[in-house]
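S.K.:
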Amino acid sequence: MIRTFSLHSAAVLALAVALAAAPAAAQDMAPTVEEDGTITSARDIVVLGSVGYRNRSDDVAEPVVSYDSEFFQRFEPLTAGDALKRVPSVTFLSDVIESDGARLRGLPPGYTQILINGEKVPGSNADRSFFLDRIPAELIDRVEIVRSSSARRTGDAVAGTLNIKLRDGYELDGGYLRAGGLYYDDKELEPSVGGVFGGALGPGRFLIGGNFQGRHNPKKKYSLRYSDSPENNPDFATDDFGNREDQTDTRDGKDYSFNATYDIKGDTTDFSVNGFYVHTDRTETERSFEYNHPTNINGPVRATPPGNLTVDNANVAKINQDNYSVNGKLAHRWSLGETSLKVGYAWFDEDRFETEYEVEFDRALPRFTGDQTRTGITDKEFSVRLEHEFEISDNTKLLLGGLWQDKDRDTSITEAPRDRYNLTAANRQGYDQFARNPTEFVRAFGAFVPAVGGINTIQEKRLDGFVLVEGDMPGVKWEAGVRYETTDLTIDDLTPPATRIENDYEKLLPSASVKIDVGARGRITASAARTSRRPEFNFLSPAQLDAELGDNDLLGNPLLDPETAWGFDLGYEQKLGRSGIAGINVFYRKVNDLIELTNTGIEGSEGAGTFVYQPQNIGDGKVWGVEFDLSTDLGFVGLPDTGVFGNISWLDSKIIDEFGERRFNGQSKYVYNFGVIQDIPSVGAAFGATYRKQGRAFDRTVGEEVFTSYGADLEVFVEKRFGKSFTIRAVGSNLLNGAKREAFNKFTTVEDQNDRSFDEYELESEKAGPVFQLMARYAF
191 MIRTFSLHSA AVLALAVALA AAPAAAQDMA PTVEEDGTIT SARDIVVLGS
241 VGYRNRSDDV AEPVVSYDSE FFQRFEPLTA GDALKRVPSV TFLSDVIESD
291 GARLRGLPPG YTQILINGEK VPGSNADRSF FLDRIPAELI DRVEIVRSSS
341 ARRTGDAVAG TLNIKLRDGY ELDGGYLRAG GLYYDDKELE PSVGGVFGGA
391 LGPGRFLIGG NFQGRHNPKK KYSLRYSDSP ENNPDFATDD FGNREDQTDT
441 RDGKDYSFNA TYDIKGDTTD FSVNGFYVHT DRTETERSFE YNHPTNINGP
491 VRATPPGNLT VDNANVAKIN QDNYSVNGKL AHRWSLGETS LKVGYAWFDE
541 DRFETEYEVE FDRALPRFTG DQTRTGITDK EFSVRLEHEF EISDNTKLLL
591 GGLWQDKDRD TSITEAPRDR YNLTAANRQG YDQFARNPTE FVRAFGAFVP
641 AVGGINTIQE KRLDGFVLVE GDMPGVKWEA GVRYETTDLT IDDLTPPATR
691 IENDYEKLLP SASVKIDVGA RGRITASAAR TSRRPEFNFL SPAQLDAELG
741 DNDLLGNPLL DPETAWGFDL GYEQKLGRSG IAGINVFYRK VNDLIELTNT
791 GIEGSEGAGT FVYQPQNIGD GKVWGVEFDL STDLGFVGLP DTGVFGNISW
841 LDSKIIDEFG ERRFNGQSKY VYNFGVIQDI PSVGAAFGAT YRKQGRAFDR
891 TVGEEVFTSY GADLEVFVEK RFGKSFTIRA VGSNLLNGAK REAFNKFTTV
941 EDQNDRSFDE YELESEKAGP VFQLMARYAF
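Each step along the sequence shown adds one to the number in the working numbering, with nothing skipped, and position 100 is 290.
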């Protein structure tokens, strides 16, 4: 399928009206440069002149921590998620060597607002989060961590905001090409090529870029399952052994990305249009063998029936994703201030076809079972934002505006009737799982039918208004504002019998921030804001999913309200040397109307001892922590070409659910990383390393508890520059072969979970091995 993207017709009309309203202003358009008067040369991106450090944001009162691409580039991150592994307070619970759902302050991804060029983008995830591994790092100009909220943006930022700023025409002059390859632990070689070009065009400047990235992740998993846990039986490994599973899980994919911008900056009128497009083809292949013995009793390599093989499973998911966004902006300065109109359209589309085939040998007659599922998700957003800014006095401005947004999300989950039959003696004779595959037993499947609650549409129409006052006085910047958000929600569950439910809510979200200079090089930042988090899509469907939570059922609740939170941040920054910064920040969030699963008291579909659970706004939670970061050269000890950087965050929280006290699900207790870069100007070379570690995380839901820990991650690079236009860089990542380890407590009923009567206890380890890449860049 080939997709083309352009401004939505309504967006074109809105821009045309605004242009017609200011005909004289259009004549004033002329090419200019940004406020600092510089446009980055392509050579400066390819051949870095110095070690990159984190920036100090001076243009707004909000607490913003900014990192230019020079800070990440030498370690050649593949995606925006890979780049964010090096910034404060960002954790991941992704698979090994993948960084998808960013968890700012360690909170689940849905609590973090992800922006691309300052605008929200839709994704496939039910918690409304956007996977950052969908954005190639090569498109990034800088990453901004906005620790507190502001009335100028939507309030969906309980943990904070990550703004990914892509390159535009005023940040690049000239072009460069990038090409190389990545070598994985299973001897797979994947290509990576791209190019960017920017320059003057007519009255403005443009930028166009493209990137192709081969993706590969060859993981190996090893699981041991028991009927009880160590907490109940010290000899569980011997007495309670259930089965062992050896699994290979390989993720193969190809990402194709494209971005373009066109900007005109005039004396009184500015115009810009920008867009990006990412297409992903991905195949996830899992092959697992379950054995009834903790070691391979049939030999060190192979185990075949009728030995200790009990189950052979083959699971394949083919995923096709398209993600694009287009935004236009028109700003005009006149006697009453500056008026701007922004129009945006974003689209996310995912098609997923998953098959799972398995053969069970631990039966009198071995049995084949086959399942096929198709999932389609389309999420599109159209928004119009109008803002006006004018001066109240020499040092004070008033900004007011509004946002209208129409969001539509369509979900289609269909399943083929399960195929299950006993194998004959002939077709199972001599079965060798290393030479054969359960797919050979597949028969024709019947027509796909909707899964329970699998066909639905969700429409959100929101209308927001805000007012903000900001001041800029010698040594002090401040802002204070309030945002009023209203939402009309319509949910259609189209699985028979079709059901439509409507809901609406509104929230008042005040905010304030201040920056105070302390001496010539210090600064205090403080902020307070009320934010919100909208309910997950899978909680809004009114369908009941049987045995979704152990043996308990899950019933959706379309009348859920958003969670809200009051938050406070207090920080201090100190400039060091020529370009260094050290900072410390403490934060606190009080979350109200927390959405928690609640026992309705209704007996579940599995009979006595099971219940129907429903999400409701009944809980409260607290989040707090301390963040420290350092980025500086060592010129003060005579090493101006040596850069050191690092950060450490201590994170904590508290929630009380029906089982007692816990942290927010998935929140690591800490995360830290530090590194060093040594530049050698005399020979045009550089080298460096980073080391990262995050603490253990805990998740608890009805029917399951999970402990997750990660090994440390070490990355190194070596760089050689040739003249002013060519660079070759070699990078090694995951050099410590860090494993992801999980322990699962599984329960059938709530009573069992309270009594610690296990249905299953599982230990799982996952490894992927080191990755090596060689990249070359050439500027022209």
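Even glycine gets a Cβ: it sits at the ideal position worked out from N, Cα and C.
Looking at C-alpha atoms only, which residue of A966, S947, E895 and D942 is the closest neighbour of L953?
M.R.: For the residues A966, S947, E895 and D942, the minimum Cα distance to L953 belongs to E895.
S.K.: Please classify A536 as buried or exposed, where buried requires at least 16 neighbouring CB atoms within 10 angstroms.
M.R.: Per the 10 Å Cβ criterion, buried.
S.K.: With DSSP as the reference, please indicate the residues paired to H578 in a beta bridge.
M.R.: H578 is bridged to T529 and L590.
S.K.: Report the three-state DSSP secondary structure of P752 (helix, strand or coil).
M.R.: Coil at P752, not helix or strand.
S.K.: Classify D942 as helix, strand or coil using the three-state DSSP reduction.
M.R.: Correct three-state label for D942: helix.
S.K.: Here's the rule: buried if 16 or more other CB atoms are within 10 angstroms of the residue's CB, otherwise exposed. What is V639?
M.R.: Under this definition V639 is an exposed residue.
S.K.: Start and end of the beta strand (DSSP E) containing A875?
M.R.: A875 to Q884 is the span of the beta strand (DSSP E), which, as asked, contains A875.
S.K.: Which term fits F912, buried or exposed, when burial requires 16 or more other beta carbons within 10 angstroms of its beta carbon?
M.R.: F912 is exposed by the Cβ-count criterion.
S.K.: Could you pull the DSSP bridge partners for R293 from this structure?
M.R.: R293 is bridged to T281.
S.K.: Please determine, among I304, I235, R244 and N407, the residue with the shortest C-alpha to C-alpha distance to A971.
M.R.: One cannot answer for residue 971 here, as it falls past the ends of the chain, which runs 191 to 970.
S.K.: Judging by CA-CA distance, which residue of N307, R723, L356 and D323 is the nearest neighbour of D331?
M.R.: The option with the nearest alpha carbon to D331 is L356.
S.K.: Do the CB positions of S703 and A341 come within less than 8 Å of each other?
M.R.: No. Outside cutoff.
S.K.: Go through its chain and collect everything with a Cβ distance to R618's Cβ below 7 Å, but skip five positions before and after it.
M.R.: If we look at R618 and ignore the five residues flanking it on each side, its Cβ neighbours are P556.
S.K.: Cutting at 7 Å between CB atoms, please list the residues of its own chain near A208, excluding the five before and the five after it.
M.R.: Annotation note: pLDDT 38 at A208 (below 50); position unreliable, coordinate value reported separately. Contacts found: L520 and L531.
S.K.: Just the C-alpha distance for E753 and V657, rounded to the nearest angstrom, thanks.
M.R.: Between E753 and V657, the C-alpha separation is close to 23 Å.
S.K.: On the DSSP letters alone, give me the boundaries of the beta strand (DSSP E) that I845 sits inside.
M.R.: I845 -> beta strand (DSSP E) spans L829 to D847.
S.K.: Give a yes or no on whether the C-beta atoms belonging to R542 and I509 are separated by under 8 Å.
M.R.: For R542 and I509, yes; Cβs fall inside 8 Å.
S.K.: For V280 and F261, what's the separation of their Cα atoms in angstroms?
M.R.: One C-alpha to the other measures close to 16 Å.
S.K.: For the stretch 808-815 and the stretch 838-856, state whether three or more C-beta atom pairs, one from each stretch, are separated by less than 8 Å.
M.R.: The stretch 808-815, when compared against the stretch 838-856, does touch it at the 8 Å Cβ threshold.
S.K.: Quick one: what's S583 bridged to in DSSP?
M.R.: Answer by DSSP bridge pairing, in chain order: T586.
S.K.: Can you tell which of E950, F934 and L820 has its C-alpha closest to the C-alpha of Y257?
M.R.: Among E950, F934 and L820, the Cα nearest to that of Y257 belongs to L820.
S.K.: For Y412 and I714, I'd like the C-alpha separation in whole angstroms.
M.R.: In a straight line, the C-alpha of Y412 is about 49 Å away from that of I714.
S.K.: Output yes or no for whether 8 Å exceeds the beta carbon distance between D945 and T938.
M.R.: No, the pair does not count as a contact, with Cβ atoms beyond the cut-off.
S.K.: Consult DSSP for F826 and reduce its assignment to one of helix, strand or coil.
M.R.: Correct three-state label for F826: helix.
S.K.: Kindly indicate which residue of A929, A879 and D847 has the alpha-carbon position closest to the one of V892.
M.R.: Among A929, A879 and D847, the Cα nearest to that of V892 belongs to D847.
S.K.: On the three-pair Cβ rule with 8 Å, is the stretch 346-361 touching the stretch 296-308?
M.R.: Output reads yes: the stretch 296-308 touches the stretch 346-361.
S.K.: Assign Y514 to buried or exposed, taking buried as 16 or more other Cβ atoms, counted over all protein chains shown, within 10 Å of its Cβ.
M.R.: Counting Cβ neighbours within 10 Å, Y514 comes out buried, since at least 16 surround it.
S.K.: Let me know if E225 comes out buried or exposed under the rule of 16 or more other beta-carbons within 10 Å of its beta-carbon.
M.R.: Because the pLDDT of E225 is 40, which lies under 50, any placement of that residue in the model is unreliable, and the number read from its coordinates should be weighed accordingly. E225 is exposed by the Cβ-count criterion.
S.K.: DSSP three-state label for E328, please.
M.R.: E328 falls in the helix class under three-state DSSP.
S.K.: How close, in whole Å, do the beta carbons of I335 and V255 come, if the pair is a contact with beta carbons under 8 Å?
M.R.: So it is a contact: roughly 4 Å between Cβ atoms.
S.K.: For the stretch 660-676 against the stretch 688-703, are there 3 or more C-beta pairs whose distance is under 8 Å?
M.R.: Contact between the stretch 660-676 and the stretch 688-703 is present, because at least three Cβ pairs lie under 8 Å.
S.K.: Where does P700 fall in DSSP's three states?
M.R.: Here P700 sits in strand by DSSP.
S.K.: When the distance is taken between beta carbons, is Y416 closer than 8 Å to Y972?
M.R.: Nothing can be reported for residue 972, as the shown portion of the chain is limited to 191 through 970.
S.K.: Taking the alpha helix (DSSP H) that D234 belongs to, which residues open and close that run?
M.R.: First-last of the alpha helix (DSSP H) with D234: A232 to V236.
S.K.: Who does L679 pair with in a DSSP beta bridge?
M.R.: According to DSSP, L679 bridges with E650 and N693.
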